[in-house]
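Quick mapping for you: the protein sequence lines, in order, are chains A and B.
So the first sequence is numbered by this note's numbering: it starts at -11 and just counts up by one.
So the second sequence is numbered by this note's numbering: it starts at 29 and just counts up by one.
Even glycine gets a Cβ: it sits at the ideal position worked out from N, Cα and C.
These notes concern the structure reproduced below.
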Amino acid sequence: MTFTRRLILSLAAATVLSASSYAAVAQELPRNVRLVIGSKSTGGDTYQNSAIVAEALAEKLGINVKVDAVGATEAFKALDRDSRGTTLMIFHDQSYLGNLYGVQGYSNPFEGYKVGPTVAINPGNAYLVPKTSKYQSMDDIFAAAKAGEKVRVAIQPGGVSEIGFSAMKNAAKVLSPGSEANIVAVNTGSQSDKNQTMWDDLSDVINGSIQANEQFTQLPEDDRKAMRFVWITARPATLQQAPAQGMGNTTRDQMLKFADPETKVPLNDSENFTFDKEFFFLYNQDMDDAIVAQIDTALSEIYAAGEIQKRQKEAFFIPNFLPSAEAQAHLLAKRSTYEQVIKDITSN
Amino acid sequence: MPFFEFITPLFLLLIIGGTFVGIIFGAIPGMTATMAVAVCLPLTYPLGLNNGLALLLGLYVGGISGGLVPAILLNIPGTPSSITTTFDGYPMTQRGEGEKALKIGICASLAGGIISLIALYLFAPALADFAIRFSYVEKFLIILFALSVMGALSANLLIGIFSGFLGIFISLIGTYDISSGGNGKHRLIPPGLEYWLDSGFSLLPVLIGIFGLSAILQEAENGMPLGLSRDKVRIGKSSKFSFSVFKGQALNVLRSSGIGTFVGILPGVGGSAASILAYTNAKTFSKNPENFGKGEPAGIIASESGNNGLTGGALVPLLSLGIPGDSTTALLIGAFTLQGIQVGPLFIGNNPDTWNAMIFAMLIANVAMFIMMFYAIRYVALIVTIPKHILFPIILMMCVIGAYTINYGIMFDVWTLLIFGLFGWLALKIRLEIAPFIIGFILGPSAEVYFVKSLESFGDLTIFFTKSWIAVLLWVLILGSIAGSVFINRRASQAE
């Protein structure tokens, strides 16, 4: 075989064409996308929310999106391995709180990954006391801590559950320096474990959620399982978007009584602490910006159509789409507030 | 009449279809009821709550029941809670009584499912109130009770106990998970392996490696025999199934179903503990404990009524407290949330229609499971007549697929399967006891969490003896179980 000029030119043209077509493909999401999530549960809020978003995205872009509940550590590993856009991730504030609390397997997502758009909020993060508790409100709890009484708070350490506890300690410090030592953590695991610590009188306050604990607040006082909300951490603006009927027998207006500004957990002298559990995309750091833009655009159109909001609200999520750039700025600001809270309570 | 409004042809079809698919999932090594429910969960959204639950509950009952098929025919537990079914089921298959063993298991499954369903229907709120009396201390003692049977399941007491502790040790490799209340730190991981072992060894790949792959390696070493002849598998007059096998087993069925239901209502204790406790209780109270592990029908009855007893039990805390009793019922919460329904202490009162639909769906699923499996099982049993040079590669492929998919696509799980397949093969050579090893591996993480949390919460070791009357009762059972193990072991030694 002789290499004629024509053959060499043909080969070169073919190479350029296939390279350019590859480049074109690389700039959009592939046909099959794996959406890993930071939770191992397929019954929890991360999975439900991700499934809703995945379905909408798949329909919009005409691709297949499969949600895999692999858990945070494996999800970050999967994301590390793939910059082509075949693997995307959805998780919530735990992704950076785990890093702030020094949990193994959590690096700083703002440095190691691209932070994508936010999609929804779970406004349910809450703190509860037994219905027969002498603590009627957060003010009572801070007053008890000031008076030297130990207040035991059941949490799952290292993330979303702990940030409210850190905020309580910080508030106690703001209100009465030194009293924060009397707000003590009872480290537990699942919601079931947290409830059980209350029933075993091992904790005075537990971290819970509106979704998981609301029915316990409806039980009569003489029922050992009965509880009462003392604090819902969501921003009032977030809770205002919840359906007016609220959840179960607790209306939105009743929920608002346990949230800022009616229930005060001071962040500093001028502001109250709030926490919304927000779900957002995470990408491999080297993923093409064109794919980031493609997802942003697709989600903008999906949210503009308005259908996804209905499904999210049915599952008690608050729709909260912010494109990547805005989401990054918003989440970074949030992270820096919480970093300061954690720093303040660990410093003397 | 409102009670029957939810019963539509679609409702019934979804239960039956779900049960069928669940049986298939349960029967494939490495696939579980949890996986079946997870796969079908997104499909339930357009179905509505009652129809969605019909599908999921069918999958749940079918998935738990289907696990007995590979356990009996192939010595591979289809689900972790079928481990004890292998102990007597597989020896019966080796004797050519596979079909009989399967039918015993199916009948026991039906009994366990129905008894637990009755308990669920009549006593759910009361049982839930009782369940919350079990703090970390009592839960640890239940796990200890289950662990105390390690000796009873061993040919050699000391080697059995050593194997059990080895299982516990290996189960603790990884991260002390924050979701269990741990500190999120690594422990027991050899240097350089943190990337692979930070989540430890996953249960199901370990199980199918030790039971499935090691058996294939063993057979390969011995040389591949031809499959059992069709006549030998199917019947032989003396081994034909008859309901008379249940004569004298009423107490065993009731006790095992009760244990399954009871363990089910305790969140976090786990389904495997149910069948282990049911099996060893049956052995301890049996007039012929030495026959257990050699193809004793009472062993299959205990194991299967125990693990199906779990199905109703695990729904008790879910529907009365909003807390799932096991990993599969945890997924059912997703189905409720997708439909905007809360589960908690008011669920049954607020949603009588859904409650009735669930009970009815469970009942139909149990009956459908029985009919489908009982009458089709003679054909399924023929699997062991397939020549092993064809069967084993297929099993191996299913094991690998199962291991890879169990945690939604983690390649290290396939390596776990291979590592523990090799370990299981070597263990037989150095005469380690596999059953106590597996029991230790399954129960080790729960034992650790409950032990540590008990000490963190109550301060010192005396709490294990003084916490409550339940703790005292559990100690009596533990000591009885240990004494029983020693007695059985001595009698077996003397018989030899």
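- In this structure, the straight-line span from the alpha carbon of Gln277/B to that of Pro108/B is close to 24 Å.
- Per DSSP, the unbroken alpha helix (DSSP H) holding Ala159/B starts and ends at 126 to 159.
- A Cβ of chain B is located within less than 8 Å of the beta carbon of Glu62/A.
- By the rule that beta-carbons nearer than 8 Å mark a contact, Gly430/B does not touch chain A.
- Gln122/B is outside the set of residues whose beta carbon lies under 8 Å from a beta carbon in chain A.
- In this structure, Gly195/B and Phe492/B do not form a Cβ contact; the two beta carbons are roughly 22 Å apart against a cut-off of 8 Å.
- Cβ-Cβ distances below 8 Å link Leu81/B to Thr72, Leu360, Ala363, Thr382, Ala385, Met386, Ala389 in the same chain, with the five nearest sequence neighbours on each side left out; the list follows chain order.
- Phe269/A places its beta carbon 8 Å or farther from that of Phe246/A.
- Apart from sequence neighbours up to five positions away, the residues of its chain that approach Val162/A with a beta-carbon distance below 8 Å are Pro254, Leu255, Asn256, Asp257, ordered along the chain.
- Using a Cβ-Cβ cut-off of 9 Å, Asp68/A is close to nothing in chain B; its nearest Cβ partner there is about 10 Å away.
- The continuous alpha helix (DSSP H) containing Ser93/B extends over residues 77 to 94.
- Note on geometry: alpha-carbon atoms of Gly112/A and Lys265/A lie some 8 Å from one another.
- Listed as beta-bridge partners of Arg22/A by DSSP are Lys54/A, Thr75/A.
- Around the beta carbon of Tyr164/B, a 10 Å sphere encloses 16 or more other beta carbons of the protein chains shown; the residue is thus reported as buried.
- Excluding its 5 nearest sequence neighbours in each direction, Glu476/B has C-beta neighbours in its own chain below 7 Å: Leu200, listed in chain order.
- Setting aside the 5 residues that flank it on each side, Asn37/A is surrounded in the same chain by Ile78, Val107, Ala108, Asn110, Phe267, Gln300, Ala303, Phe305, each with a C-beta closer than 8 Å to its C-beta; the list follows chain order.
- Taking a beta-carbon distance threshold of 8 Å, His214/B counts as an interface residue toward chain A.
- Interface annotation for the region 266 to 288 of chain B against chain A: empty, criterion Cβ-Cβ distance under 9 Å.
- Here Trp497/B is exposed: its Cβ has fewer than 16 other Cβ atoms, across all protein chains shown, within 10 Å.
- Residue state for Arg459/B is assigned as coil, using DSSP reduced to three classes.
- Taking all protein chains in view, the Cβ of Ile418/B is surrounded by fewer than 16 other Cβ atoms within 10 Å, so the residue is classified as exposed.
- DSSP places Ile293/B in the uninterrupted alpha helix (DSSP H) bounded by 278 to 293.
- Here Tyr84/A carries a helix assignment [DSSP, helix/strand/coil].
- Judged by pairs of C-beta atoms under 8 Å, the region 199 to 218 of chain A touches the region 363 to 374 of chain B, as three or more such pairs exist.
- Rounded to the nearest whole angstrom, the C-alpha separation of Asp116/B and Met425/B is 26 Å.
- Taking the CA atoms as reference points, Val89/B sits about 26 Å from Phe162/B.
- Not a single C-beta of chain B is nearer than 8 Å to the C-beta of Phe267/A.
- Here the C-alpha atom of Gly59/A lies approximately 27 Å from the C-alpha atom of Lys331/A.
- Under the DSSP definition of a beta bridge, His214/B partners with Thr203/B.
- For Leu502/B against Leu294/B, the beta-carbon gap comes to about 12 Å, at or over 8 Å, which does not count as contact.
- Inclusion of Leu130/B and Ala409/B in the CB contact set at 8 Å is warranted, their separation being smaller than that value.
- Where Arg323/A is concerned, the enclosing alpha helix (DSSP H) starts and stops at 312 to 334.
- Look at Phe204/A: its C-beta is under 8 Å from a C-beta on chain B.
- Boundaries of the alpha helix (DSSP H) harbouring Glu222/B: 222 to 225, taken from the DSSP string.
- In the three-state scheme derived from DSSP, where H, G and I count as helix and E and B as strand, Val139/A is classed as strand.
- Taking every protein chain shown into account, the CB of Asn250/B has fewer than 16 other CB atoms within 10 angstroms, so this residue is exposed.
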